[in-house]
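Taking it in order: structure first as structure tokens, then the write-up.
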Amino acid sequence: MSAPAVRRMRWWDIPAVMTIEESVFPSTAWTPAQFWSELAQDDRAYFVTEVDGRVVAYGGVMVRPPTADIQTIAVEPEHHGRGIARDLLARLLTAAETGRCTEVLLEVRADNAQAIALYDAAGFTVIARRSAYYGPGEDALIMRRRGS
Ligand SMILES: CC(C)(COP(=O)(O)OP(=O)(O)OC[C@H]1O[C@@H](n2cnc3c(N)ncnc32)[C@H](O)[C@@H]1OP(=O)(O)O)[C@@H](O)C(=O)NCCC(=O)NCCS
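Residue numbers (the numbering used here): 136 to 283.
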């Protein structure tokens with residue numbers, strides 16, 4: 136198995152990204168049109184991670200200085216726990232810094248322990264909780280990372 140390699144996401148990655156999207160977000164998956172729209176916007180930076188020439192993860196950030204917003208990040212389940220999200224997130228944070236953002240925000244489901252641990256390890260802290268943000272009983276945490 137080759138080492139994971141991160142590169143810019145392109146439109147032809149959308150089918151592979153959709154396969155992962157539908158497996159990790161079964162009830163809230165974005166549509167291909169949403170990914171097309173994201174890739175079309177100048178203030179977005181999207182990346183994919185490949186292993187053996189196959190896309191196994193993706194992530195994107197909106198860069199609007201002074202603030203950047205993590206739009207999404209996901210890893211194919213069979214590749215969890217290998218540091219792939221950590222490396223992708225680092226790439227998103229570099230894109231935010233390069234775009235002169237001094238803070239990065241994100242929303243995460245309050246019950247998504249793996250993602251919260253990922254963000255916590257990268258220096259994000261919880262700044263707000265939005266009750267029923269994703270539906271009844273499904274709260275969101277707003278997390279922020281300041282500086283570079
Ligand atoms: C959250 C997610 C992206 C993590 O991807 P991953 O590649 O498995 O994560 P990594 O291996 O890079 O782990 C990085 C850090 O995240 C945390 N983490 C990841 N998985 C974890 C788990 N199962 N339990 C506890 N902490 C975990 C740890 O802090 C870890 O650092 P460590 O290995 O030094 O302890 C992945 O579980 C996923 O795709 N989930 C479904 C989609 C999703 O929820 N995306 C986030 C939406 S906001």
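A virtual CB, placed ideally from N, CA and C, is assigned to each residue, including glycine.
Let me know the secondary structure DSSP gives residue i once reduced to three states.
| i | result |
| --- | --- |
| T97 | Residue 97 lies beyond the range of the chain shown here (136 to 283); nothing can be said about it. |
| Q176 | coil |
| A164 | coil |
| F259 | coil |
Would residue i pass as a contact of residue j if the rule is Cβ separation under 8 angstroms?
| i | j | result |
| --- | --- | --- |
| I205 | L227 | yes |
| E232 | R280 | no |
| Y181 | R143 | yes |
| A257 | L223 | no |
How should residue i be labelled, buried or exposed, when 16 other C-beta atoms within 10 angstroms of its C-beta is the threshold for buried?
| i | result |
| --- | --- |
| F160 | exposed |
| G195 | buried |
| A156 | A quick correction: the sequence has Glu, not Ala, at residue 156. By the 10 Å Cβ count, E156 comes out buried. |
| M136 | exposed |
| I149 | buried |
Quick one, which of the options has its alpha-carbon nearest residue i's?
| i | options | result |
| --- | --- | --- |
| C236 | D222, R265, P200 and L224 | P200 |
| M197 | T163, I277, G218 and L174 | L174 |
| V243 | L224, D274, A256 and T229 | D274 |
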